[in-house]
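Sequence lines, in order, name chains A and B.
When the letters of the first sequence are read in order and numbered with our numbering, they come out as residues 1 to 112.
When the letters of the second sequence are read in order and numbered with our numbering, they come out as residues 113 to 225.
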Amino acid sequence: GQQLNQSPQSMFIQEGEDVSMNCTSSSIFNTWLWYKQDPGEGPVLLIALYKAGELTSNGRLTAQFGITRKDSFLNISASIPSDVGIYFCAGERISGTYKYIFGTGTRLKVLA
Amino acid sequence: DGGITQSPKYLFRKEGQNVTLSCEQNLNHDAMYWYRQDPGQGLRLIYYSQIVNDFQKGDIAEGYSVSREKKESFPLTVTSAQKNPTAFYLCASSRRDRVSEAFFGQGTRLTVV
């Protein structure tokens, strides 16, 4: 099935640095979600975006729904060691279809 | 505490055997989902259910079966017809009017030998 393109695939950063990652598609999406997954655990929802151009924050995390509706961005400010994990984006092309397409993930490693 | 529980955490089966993965939620959610996750890949939808006694195929339903006899439970059976069953399986649930706000279980790692 179709998957969203996430970049970067992985990144090492120093504690305290800001992090940016994005998710792109050739198709338009009505909803964008960002999840974090720790090893061996289920994903946890971080931010949900419902409107093109929407900018939403959750603590040190900020995500944006791209104006073209084909992309979304997640920023983490002042990273800390517990930010380590895999970040997934997910998009819903048609609202209410229960079918989300997930990105391939960005693996984040924070160096103390 | 409310939540969604998957069991067991790890499961080993011999090739050719059917195996059933358990998923229970006490969040009073109508909708439940099963996803499969392979290394380096995103989640792929196997089956979903919007209401008791009803379920729909996702993107990769072949070789899998489900039932939804109770609101709280949505078990997934991995049949011998599934050609590559070794994977991490995730169950999720949500309100029908808040599909985007799904809660995930901790997953079951199935290894077929």
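Ideal Cβ placement from N, Cα and C applies to all residues, glycine included.
Chain-ordered neighbours of residue i on chain A, where CB pairs are closer than 9 Å
i, result
"Leu188 of chain B", "Residues of chain A passing the Cβ test: none, with the nearest at roughly 14 Å."
"Leu216 of chain B", "It should be noted that the sequence gives Phe, not Leu, for residue 216 of chain B. Result: Tyr35, Gln37, Glu41, Gly42, Pro43, Val44 and Leu45."
"Gln162 of chain B", "Tyr98"
"Gly115 of chain B", "Ordered by position in chain A, no residue passes the 9 Å Cβ test against Gly115 of chain B, which lies about 10 Å from the chain."
Integer Cβ distance of residue i from residue j, believed to fall under 8 Å
i, j, result
"Thr62 of chain A", "Tyr50 of chain A", "Not confirmed; about 16 Å, so no contact."
"Ser25 of chain A", "Asn5 of chain A", "7 Å"
"Pro8 of chain A", "Thr106 of chain A", "6 Å"
"Tyr98 of chain A", "Tyr160 of chain B", "5 Å"
"Gly85 of chain A", "Leu108 of chain A", "6 Å"
Chain-order list of residues whose beta-carbon lies under 8 Å from that of residue i (same chain, five-residue window excluded)
i, result
"Pro43 of chain A", "Tyr35, Lys36, Gln37 and Phe88"
"Lys126 of chain B", "Val224 and Val225"
Amino acids of chain B, ordered along the chain, whose beta-carbon sits closer than 7 Å to that of residue i
i, result
"Phe102 of chain A", "Gly154 and Leu155"
8 Å Cβ cut-off: residues of chain B touching residue i
i, result
"Thr31 of chain A", "Ser212"
"Gly91 of chain A", "Per Cβ cutoff of 8 Å: no residues; Gly91 of chain A is ~10 Å from chain B at best."
"Gly85 of chain A", "Going along chain B, no residue has its Cβ under 8 Å from Gly85 of chain A, so there is no contact; the nearest lies around 14 Å."
"Phe88 of chain A", "Gly154 and Leu155"
Neighbouring residues, chain A, relative to residue i (Cβ below 8 Å)
i, result
"Gly219 of chain B", "Gly40, Glu41 and Gly42"
Close Cβ partners of residue i (< 6 Å) along its chain, the five nearest in sequence each way excluded
i, result
"Ala48 of chain A", "Leu33"
"Gly128 of chain B", "Ser192"
"Thr132 of chain B", "Pro187 and Thr189"
Neighbouring residues, chain B, relative to residue i (Cβ below 9 Å)
i, result
"Ile66 of chain A", "This sequence places Gly at residue 66 of chain A; Ile is not what is there. Residues of chain B passing the Cβ test: none, with the nearest at roughly 17 Å."
"Phe73 of chain A", "Neighbours of Phe73 of chain A on chain B: none; closest Cβ ~17 Å, over 9 Å."
"Gly105 of chain A", "Gly152, Gln153 and Gly154"
Spatial neighbours of residue i in its chain, beta-carbon cut-off 7 Å, leaving aside the 5 residues before and after
i, result
"Phe200 of chain B", "Gln149, Gly219 and Arg221"
"Ala173 of chain B", "Ile158 and Tyr159"
**Q.** Whole beta strand (DSSP E) elements within the stretch 148-206 of chain B, 3-residue minimum
**A.** 155-163, 166-169, 176-178, 188-190 and 199-206
Q | Interfacial residues, the stretch 130-159 of chain B to chain A, with Cβ spacing under 9 Å | A | Ala143, Tyr145, Tyr147, Gln149, Gly152, Gln153, Gly154, Leu155, Arg156 and Leu157
**Q.** Entirely enclosed beta strand (DSSP E) segments - the stretch 6-70 of chain A, minimum 3 residues
**A.** 10-14, 19-24, 31-37, 44-49, 55-58 and 61-65
Q. Going along the chain, which residues of the stretch 46-59 of chain A sit with their C-beta nearer than 7 Å to a C-beta in chain B?
A. Ala48
Q. Listed in chain order, which residues of the stretch 192-203 of chain B have Cβ atoms closer than 9 Å to some Cβ of chain A?
A. Phe200, Leu202 and Cys203
**Q.** beta strand (DSSP E) segments (min. 3 residues) lying fully within the stretch 83-112 of chain A
**A.** 85-92, 100-102 and 106-111
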